[in-house]
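Worksheet: one structure, shown below.
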DNA sequence: CCATAAATGACACCCCGTGCCAATGCAATG
DNA sequence: CATTGCATTGGCACGGGGTGTCATTTATGG
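Chains as they are written, first to last, in my numbering: chain A, 1 to 222; chain B, 223 to 444.
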């Protein structure tokens, strides 16, 4: 019925060719958001700038607020497979810390773009709201891993708690990183996890040590 | 006919009397949400059921998604003043744990209503999204307290991290509590904080101990 | 040339949220 | 009693997000 005769040809499927791409809409949208502010840019305007109808925009992105997230689902899939490869000997929290740190390592040339994304996502109210929905997947991946390690269902209390907590660390690090162009995101994530696993110690001097360790340079952690 | 003349009517301000109240709209709305589902109920319908115009609804609640939150800002204000009264001797995390546990204690007769609220808030996608915005205030109160204790600005890294983490514990507890009518919310919150302050220990037997302590009955914690 | 298939564009809706202004109902005042 | 003042309401219009539907376009393959 359907033909799959030419495995080598990247031959275009029959039918009208696409008029745009996810990437194009995304970059146009981010450009406009950066210039005029998220809520001052309508889907109409993005579509026009891309030479496409409004209706078509919604065939590429389910929502205006999905634009800044790129292909987040795939990145989460990466995180999942990374975690799947962690050897059994590595302790749970250590494994999570390393995985989340790596998850947030971006190539040097993409850093400022990534900062713009995160800045938008954690600044614009509508996007802040949307973020919880997006991170839900992320949390589930963490919870699933924690569940495997603890011998519990991924959807049970402790694994979900660990998912929540890991996300907290990441988000707190994001917020610290966004306005400070001199800082390194993976290092901040690492610091957050470190502080988290020693909550009790915070009030006995660890706090000041960490606080000192953050601002000047990353000379302490890892 | 409609208006009962209270003998002790505190002087009404001049102008047209109000046609409804926050409480009325809220209860009507929650009723409809429970019956037809959040997204299947329009503001129009709530307004009609309350005998009020759609426009007026939006004078009482800025958003449809604010309905299930009641007067959350005031509850947060309570939390703030509770924390302000904690003696210096109580350790930081202990103080937070107790305050959050108390924050989530509701009178027995209001439990099922509260469960419905939280269930809606943490189930319906649009409300999940909205929750992050609402809890922002809550986090700030926690962060402010942590900042005072650590000698840091409430808006700096560690205090905000602590705010995030405390919220994580609460939300994880909510999710566990909502479907399990036999459980006690304050106890669950307490358990979450306990697990959180011993993250390292989770993989060395603490996990199973906690997991055992949760399901059957609350015989272990506190 | 014709069939098929996929994507687009146009249109009609519904809903949320807001600005604006006239109408309403009550109290206080003369 | 009539008038004035005033907060609230209701109605209307409008912009924006998101969806269902259907005709139209633009390709491929026989």
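Glycine included, each C-beta is placed from N, C-alpha and C at the ideal position.
query	result
Is residue 385 of chain B helix, strand or coil when you go by DSSP?	helix
Give a yes or no on whether the C-beta atoms belonging to residue 85 of chain A and residue 145 of chain A are separated by under 8 Å.	no
Taking Cβ positions, are residue 389 of chain B and residue 361 of chain B nearer each other than 8 Å?	yes
Candidates A:38, A:96, A:143, A:121: which alpha carbon is nearest residue 226 of chain A's?	No answer is possible for residue 226 of chain A: it lies beyond the span of chain A, which begins at 1 and ends at 222.
Compute the Euclidean distance between the alpha carbons of residue 113 of chain A and residue 106 of chain A, then round it to the nearest angstrom.	10 Å
At 7 Å on the CB atoms, spell out the chain A contacts of residue 327 of chain B, in chain order.	Within chain A, no residue comes near residue 327 of chain B; the closest Cβ sits about 20 Å away, beyond 7 Å.
Would you mind working out which of A:35, A:184, A:22, A:89 sits nearest residue 63 of chain A, comparing C-alpha positions?	A:22
Short of 7 Å in beta carbon distance, which residues of its chain neighbour residue 101 of chain A, apart from the five on each side in sequence? Order them along the chain.	186, 189, 190
List in chain order: all unbroken alpha helix (DSSP H) runs of 4+ residues lying wholly within the stretch 37 to 62 of chain A.	43 to 49, 54 to 60
If you drop the 5 nearest sequence neighbours on each side, which residues of the same chain put their C-beta closer than 7 Å to that of residue 287 of chain B?	348, 349, 352
If the cut is a Cβ gap below 8 Å, which residues of chain B does residue 63 of chain A touch?	Residues of chain B passing the Cβ test: none, with the nearest at roughly 11 Å.
State buried or exposed for residue 309 of chain A, treating a residue as buried only when at least 16 other CB atoms are found within 10 Å of its CB.	Residue 309 of chain A cannot be examined here, being either before or after the span of chain A that is shown, 1 to 222.
Name, going along the chain, the residues of the stretch 366 to 382 of chain B whose beta-carbon falls closer than 9 Å to a beta-carbon of chain A.	368, 371, 372, 373, 374, 378, 379, 380, 382
Would you report the Cα separation of residue 181 of chain A and residue 273 of chain B, rounded to the nearest angstrom?	54 Å
Is residue 170 of chain A near residue 196 of chain A, with beta carbons less than 8 Å apart?	no
Apart from the five residues just before and just after residue 12 of chain A, which ones in its own chain have a Cβ nearer than 6 Å to its Cβ?	none
Consider the Cβ of residue 390 of chain B: report whether some Cβ of chain A lies at a distance smaller than 8 Å.	yes
What residues from chain A crowd round residue 352 of chain B, counting only those whose CB sits closer than 8 Å?	129
For a test of the three-state rule: what should DSSP assign to residue 244 of chain B, helix, strand or coil?	helix
Cβ closer than 9 Å: which chain A residues qualify as neighbours of residue 238 of chain B?	Result: empty, since nearest Cβ-Cβ is about 33 Å, beyond 9 Å.
Can you list the residues of chain A that residue 306 of chain B reaches, using a CB-CB cut of under 7 Å?	Result: empty, since nearest Cβ-Cβ is about 18 Å, beyond 7 Å.
How would you write the range of the alpha helix (DSSP H) that residue 450 of chain B sits in, first residue to last?	With chain B covering only 223 through 444, there is no way to say anything about residue 450 of chain B.
Closer than 7 Å by beta-carbon distance: list the chain B residues that pair up with residue 164 of chain A, in chain order.	390, 393, 394
Measuring alpha carbon to alpha carbon, tell me which residue in A:76, A:81, A:177, A:58 is nearest residue 123 of chain A.	A:177
What's the gap between the Cα of residue 290 of chain B and the Cα of residue 275 of chain B?	20 Å
DSSP three-state call for residue 124 of chain A: helix, strand or coil?	coil
By the criterion of Cβ-Cβ separation under 7 Å, what are the contact partners of residue 98 of chain A in chain B?	Those within 7 Å of residue 98 of chain A in chain B number zero; the least Cβ separation is about 15 Å.
Rounded C-beta distance between residue 79 of chain A and residue 99 of chain A? I'm assuming under 8 Å.	6 Å
So with CB distances below 8 Å, who are the chain A contacts of residue 314 of chain B?	202, 203
In this structure, does DSSP put residue 312 of chain B in helix, strand or coil?	coil
May I ask you to report which of helix, strand or coil DSSP gives residue 66 of chain A?	helix
In the stretch 396 to 417 of chain B, which residues sit with their C-beta less than 7 Å from some C-beta in chain A, listed in chain order?	397, 398, 414, 417
Quick one: which chain A residues come within Cβ less than 8 Å of residue 347 of chain B?	133
Can you round the beta-carbon distance between residue 193 of chain A and residue 97 of chain A to whole angstroms, since I take them to be within the 8 Å contact cut?	4 Å
Counting C-beta neighbours from all protein chains within 10 Å, is the total for residue 95 of chain A 16 or more, i.e. buried, or is it exposed?	buried
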